[in-house]
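A.B. asks: First the structure, which I've put down as structure tokens, then a few questions once you've had a look.
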Amino acid sequence: MTTTATPAARQVAPAEHAHATELAFLAAYDDGPRPPGWRLTPRAVVTFIVGSAGTALDLPRQARRDDLPRTLAVAAKFVGERALVERCVVTLAGERGLLLVGEPGTAKSMLSELLAAAICGSSELVVQGTAGTTEDQLRYGWNYALLLAHGPSAAALVPSPILSAMRTGAVARVEEITRCLPEVQDALVSILSDRRIAVPELSGTAEATVPAAPGFTLIATANLRDRGVSEMSAALKRRFNFETVGPIGDLAQEIALVQRQARATLERVHAPFAVDEAVLEALVTAFRDLRAGRSVEGWEVERPSTVMSTAEAVAVASSLALAAAYFPGDRDVLSLLPGHLLGVVRKDDPADGAKLLGYWDGAVRRRAEDGARLWRQLWELRDVLAD
Ligand SMILES: Nc1ncnc2c1ncn2[C@@H]1O[C@H](COP(=O)(O)OP(=O)(O)OP(=O)(O)O)[C@@H](O)[C@H]1O
Ligand SMILES: [Mg+2]
Numbered sequence: 001m002t003t004t005a006t007p008a009a010r011q012v013a014p015a016e017h018a019h020a021t022e023l024a025f026l027a028a029y030d031d032g033p034r035p036p037g038w039r040l041t042p043r044a045v046v047t048f049i050v051g052s053a054g055t056a057l058d059l060p061r062q063a064r065r066d067d068l069p070r071t072l073a074v075a076a077k078f079v080g081e082r083a084l085v086e087r088c089v090v091t092l093a094g095e096r097g098l099l100l101v102g103e104p105g106t107a108k109s110m111l112s113e114l115l116a117a118a119i120c121g122s123s124e125l126v127v128q129g130t131a132g133t134t135e136d137q138l139r140y141g142w143n144y145a146l147l148l149a150h151g152p153s154a155a156a157l158v159p160s161p162i163l164s165a166m167r168t169g170a171v172a173r174v175e176e177i178t179r180c181l182p183e184v185q186d187a188l189v190s191i192l193s194d195r196r197i198a199v200p201e202l203s204g205t206a207e208a209t210v211p212a213a214p215g216f217t218l219i220a221t222a223n224l225r226d227r228g229v230s231e232m233s234a235a236l237k238r239r240f241n242f243e244t245v246g247p248i249g250d251l252a253q254e255i256a257l258v259q260r261q262a263r264a265t266l267e268r269v270h271a272p273f274a275v276d277e278a279v280l281e282a283l284v285t286a287f288r289d290l291r292a293g294r295s296v297e298g299w300e301v302e303r304p305s306t307v308m309s310t311a312e313a314v315a316v317a318s319s320l321a322l323a324a325a326y327f328p329g330d331r332d333v334l335s336l337l338p339g340h341l342l343g344v345v346r347k348d349d350p351a352d353g354a355k356l357l358g359y360w361d362g363a364v365r366r367r368a369e370d371g372a373r374l375w376r377q378l379w380e381l382r383d384v385l386a387d
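Numbering-wise (full-length UniProt numbering), the sequence shown opens with residue 1 and increments by one.
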């Protein structure tokens, strides 16, 4: 049977593939000293993540190669404080664990993926924490067919992503660490302090302990809306440096990010992007007002209990753009905005729909009365929310 899909096609490429040229360029561009096992200098890692601020970097003459561009402006990927990214990089350079905490959708996972890709060239050594995560998934398991046939041996051992990272001196990632049961989390305590994993089943052989190669570290993420970080054991907390990732502070930066990402979504499906910047501005403004409990003008806004994350703003913007691309001329994309906002606002508590209506009767009405055309159109769509 033949299939039409190309085997190489992927919905989402890991960061090290998606940004391979930038990573190779930065490795050649900055040949300064690197921590053991690192592919880039700490400064180049930061540049990779926050971008080169529109400046095209010039590859020094002696570093030029045929497979690299001569100059390259590095795109910003994570929007946020440079100092936060620098602290993360310093933590990892010191081979300490890094724990990124924050509200949902603040790009914690994205930041951890970018850090891992830049530092060791792979962001795929990852364990997804869930209530069902077992110690085996953090340490090692067995290929039971081999185990039964030949007894315990190095060949029968199935390494966890963490064990693989220890062997090669790479960065391992644990997503949503606080969703794992505390006793499972605690398997990490000995990994982070002893820097080795003991395999008692192989005692007497060379593989009885797997020591961590230089460069091995761990990045974990935790969502503040899940079971709290406070429930992590003190012993484990002490082995991580904590960094809190907050929502994007600046309106213009958030609009630009939402536009960039929604555009990228449309490019992936080869559809044209046709959403006005004014519509995106209204969308992001509404998200920020509801997130903050205060409008840009300083008016009080009743906050829904759910998080209004940038990630969801990106999702709504992408939906609007897809609607515009696939149903062109059917209706104005702006008319779809209230319905999408309602979906986001009500996802934790259906009664929160009333708070969105309150936002319409307050901030949206006042902006409409002040004569802003787009907000007047939105005000006229109030019925969508009132049903
Ligand atoms: N500061 C930011 N910089 C860049 N992208 C951001 C930022 N904040 C949010 N995003 C967007 O949010 C998307 C999702 O982020 P990600 O999944 O990494 O969030 P998260 O914090 O891990 O969320 P969760 O807690 O739900 O796992 C990113 O792909 C990006 O589109
Ligand atoms: Mg995440």
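Cβ coordinates follow ideal geometry from the N, Cα and C atoms, glycine included.
Is the beta carbon of Trp375 less than 7 Å from the beta carbon of Val364?
C.D. replies: Within the sequence shown, the letter at position 375 stands for residue 375. Within the sequence shown, the letter at position 364 stands for residue 364. Yes; because the gap between Cβ atoms is below 7 Å, this pair is in contact.
A.B. asks: Using the Cβ count rule (16 or more neighbours within 10 Å means buried), how would you classify Leu251?
C.D. replies: The residue labelled residue 251 in the question sits at position 251 within the sequence shown. Classification of Leu251: exposed, given that the 10 Å Cβ count is below 16.
A.B. asks: Would you say the beta carbon of Ser309 is closer than 6 Å to some non-hydrogen atom of ligand 4?
C.D. replies: In terms of ligand content, the structure shown lacks ligand 4 and carries ligand 1 and ligand 2 instead.
A.B. asks: Do Leu337 and Gln377 have their C-beta atoms within less than 7 Å of each other?
C.D. replies: Residue mapping note: residue 337 aligns to position 337 of the sequence shown, counting from 1. Residue mapping note: residue 377 aligns to position 377 of the sequence shown, counting from 1. Their beta carbons are not under 7 Å apart, which means Leu337 does not touch Gln377 by this criterion.
A.B. asks: Arg346 and Gly339: beta carbons closer than 7 Å?
C.D. replies: As a working mapping, residue 346 is identified with position 346 in the sequence shown. As a working mapping, residue 339 is identified with position 339 in the sequence shown. Contact flag unset, no.
A.B. asks: Taking 6 Å as the limit between beta carbons, can you name the residues of its chain near Arg195, skipping five residues before and five after?
C.D. replies: In the sequence shown, the residue the question calls residue 195 occupies position 195. Answer for Arg195: Ala212, listed in chain order.
A.B. asks: With DSSP run on the structure shown, which of helix, strand or coil describes Leu100?
C.D. replies: If you number the sequence shown from 1, residue 100 lands on position 100. Note: Leu100 maps to strand in three-state DSSP.
A.B. asks: Tell me whether Met110, by its Cβ, gets closer than 6 Å to a heavy atom of ligand 1.
C.D. replies: Residue mapping note: residue 110 aligns to position 110 of the sequence shown, counting from 1. For ligand 1, at least one heavy atom lies less than 6 Å from the Cβ of Met110.
A.B. asks: With a threshold of 6 Å, establish whether the CB of Ala107 neighbours any heavy atom of ligand 1.
C.D. replies: Sequence index remark: in the sequence shown, residue 107 carries index 107 (1-based). Under cutoff, so the answer is yes.
A.B. asks: For Pro42, is the classification buried or exposed, using 16 other Cβ atoms within 10 angstroms of its Cβ as the cut-off for buried?
C.D. replies: Reading the sequence shown from its first residue, position 42 is the one you call residue 42. Buried, by the Cβ-count rule.
A.B. asks: Helix, strand or coil for Val384, going by three-state DSSP, please let me know.
C.D. replies: Here residue 384 refers to the residue found at position 384 of the sequence shown. Helix.
A.B. asks: If you follow the beta strand (DSSP E) that Leu57 is in, where does it begin and where does it stop?
C.D. replies: Within the sequence shown, the letter at position 57 stands for residue 57. Unbroken beta strand (DSSP E) run through Leu57: Ala56 to Asp58.
A.B. asks: Identify, in the order they occur along the chain, each residue of the same chain with its Cβ nearer than 7 Å to the Cβ of Arg10, setting aside the five sequence neighbours on each side.
C.D. replies: Translated into positions along the sequence shown, residue 10 becomes position 10. Closer than 7 Å at Cβ, skipping near neighbours: no residue.
A.B. asks: Under the rule that 16 or more other beta-carbon atoms within 10 Å means buried, what is Leu57, buried or exposed?
C.D. replies: Working through the sequence shown from its first residue, we reach residue 57 at position 57. Buried.
A.B. asks: In this structure, does DSSP put Gly339 in helix, strand or coil?
C.D. replies: One-based indexing of the sequence shown puts residue 339 at position 339. Of the three classes helix, strand and coil, the one that applies to Gly339 here is helix, per DSSP.
A.B. asks: Rounded to the nearest angstrom, what separates Lys77 and Pro14 at their Cα positions?
C.D. replies: Within the sequence shown, residue 77 is the residue found at index 77, counting from 1. Within the sequence shown, residue 14 is the residue found at index 14, counting from 1. Their Cα atoms are separated by approximately 13 Å.
A.B. asks: Check each candidate in Ala117, Ala282 and Ala351 and name the one with the smallest Cα separation from Ala256.
C.D. replies: Translated into the one-based positions of the sequence shown, residue 256 becomes position 256. Nearest C-alpha to Ala256: Ala282.
A.B. asks: Could you tell me which of Arg367, Glu369, Asp370 and Asp361 sits nearest to Ala386, measuring between CA atoms?
C.D. replies: As a first step, residue 386 is located in the sequence shown; it is residue number 386 there, counting from the start. Of the candidates Arg367, Glu369, Asp370 and Asp361, the one whose C-alpha sits nearest the C-alpha of Ala386 is Asp361.
A.B. asks: Are the CB atoms of Thr133 and Val184 nearer to each other than 7 Å?
C.D. replies: As a position in the sequence shown, residue 133 is number 133, starting the count at 1. As a position in the sequence shown, residue 184 is number 184, starting the count at 1. Yes, they are a contact pair.
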